[in-house]
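Shown next, in structure tokens, is the structure this report addresses.
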Amino acid sequence: MGTAEIKFIIKQLGEKKAPLLQVLLAIQDATPGKYLSEEAVNEIARILEVSRCRVYSTASFYSEISLKPRGLHLIRVCTNSPCENAGKEEIHNAIEQELGITIGQTTPDGIFTLESVNCLGACFMSPAIKVDDTLYGNLTPESVVSVLNSFRKEQSYGCI
Ligand code: FES
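The structure is reproduced here in structure tokens:
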């Protein structure tokens with residue numbers, strides 16, 4: 005993402021009055037690969053007149069923000085107690101086995117990135133995951149593989 009686009013987004017959010025986290029999320033969402041590049045971090049710091057270190061430390065503190073490119077679909081596995089007690093480990097293992105990646109990695113075909121999150125706000129349907137903006141709950145190892153396959157099918161039909 006170029007300087008002009010970053011400036012435009014920051015201006016839309018109220019320039020220097022904009023909360024830093026909101027700026028980072030908005031720029032990340034508008035960036036292909038849904039991440040913040042080093043150049044973007046530098047530009048944000050320059051435009052907002054804050055230290056690079058502050059932008060970087062905020063970006064690295066929040067699990068919602070990535071400093072490396074993500075795959076086409078972002079899978080977030082909840083790691084909090086209600087999901088843990090409802091069988092999160094089996095779900096997590098099924099995803100890792102099916103995709104051949106671990107938390108923080110992207111599949112070689114660039115389709116999925118796997119991340120963990122503290123709570124998805126969907127404890128009533130534990131164990132839960134989120135793929136992009138959609139929640140999936142009451143999962144079993146079999147049903148989570150079906151969820152992954154539905155995204156693969158979309159991909160193979162060019163529906164993304
Ligand atoms: S504990 Fe898993 S969604 Fe809240």
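Reading the sequence shown from the start, the letters are residues 5 to 164 in this note's numbering. Even glycine gets a Cβ: it sits at the ideal position worked out from N, Cα and C.
{"query": "Whole-angstrom Cβ separation of Glu88 and Ile107, contact assumed at under 8 Å?", "result": "Not confirmed; about 14 Å, so no contact."}
{"query": "Under a Cβ-count criterion, where at least 16 other Cβ atoms within 10 Å of its own Cβ denotes burial, should Gln16 be classed as buried or exposed?", "result": "exposed"}
{"query": "Which of the three DSSP states is assigned to Thr110 in this structure?", "result": "strand"}
{"query": "Grouping DSSP H, G and I as helix and E and B as strand, with all else coil, what is Ile51?", "result": "helix"}
{"query": "Could you tell me whether the segment 124-140 touches the segment 52-70, using the rule of 3 or more Cβ pairs below 8 Å?", "result": "no"}
{"query": "What number of angstroms, rounded off, separates the C-alpha of Thr83 from the C-alpha of Gln101?", "result": "17 Å"}
{"query": "Determine which residues share a DSSP beta bridge with Lys134 and list them.", "result": "Arg80 and Leu139"}
{"query": "Name the one or two DSSP bridge partners that Glu94 has.", "result": "Answer is none; Glu94 lacks a bridge partner."}
{"query": "Should Leu124 be listed as close to ligand 1, given that the test is whether its C-beta is under 7 Å from any heavy atom?", "result": "yes"}
{"query": "Could you check if Tyr140 is buried or exposed, using at least 16 other CB atoms within 10 Å of its CB as the buried criterion?", "result": "buried"}
{"query": "Quick check on Glu47: buried or exposed, where buried means 16 or more other Cβ atoms within 10 Å of its Cβ?", "result": "buried"}
{"query": "In chain order, what residues of the same chain lie with their CB nearer than 6 Å to the CB of Ile105, ignoring the 5 residues before and after it?", "result": "Thr111 and Leu118"}
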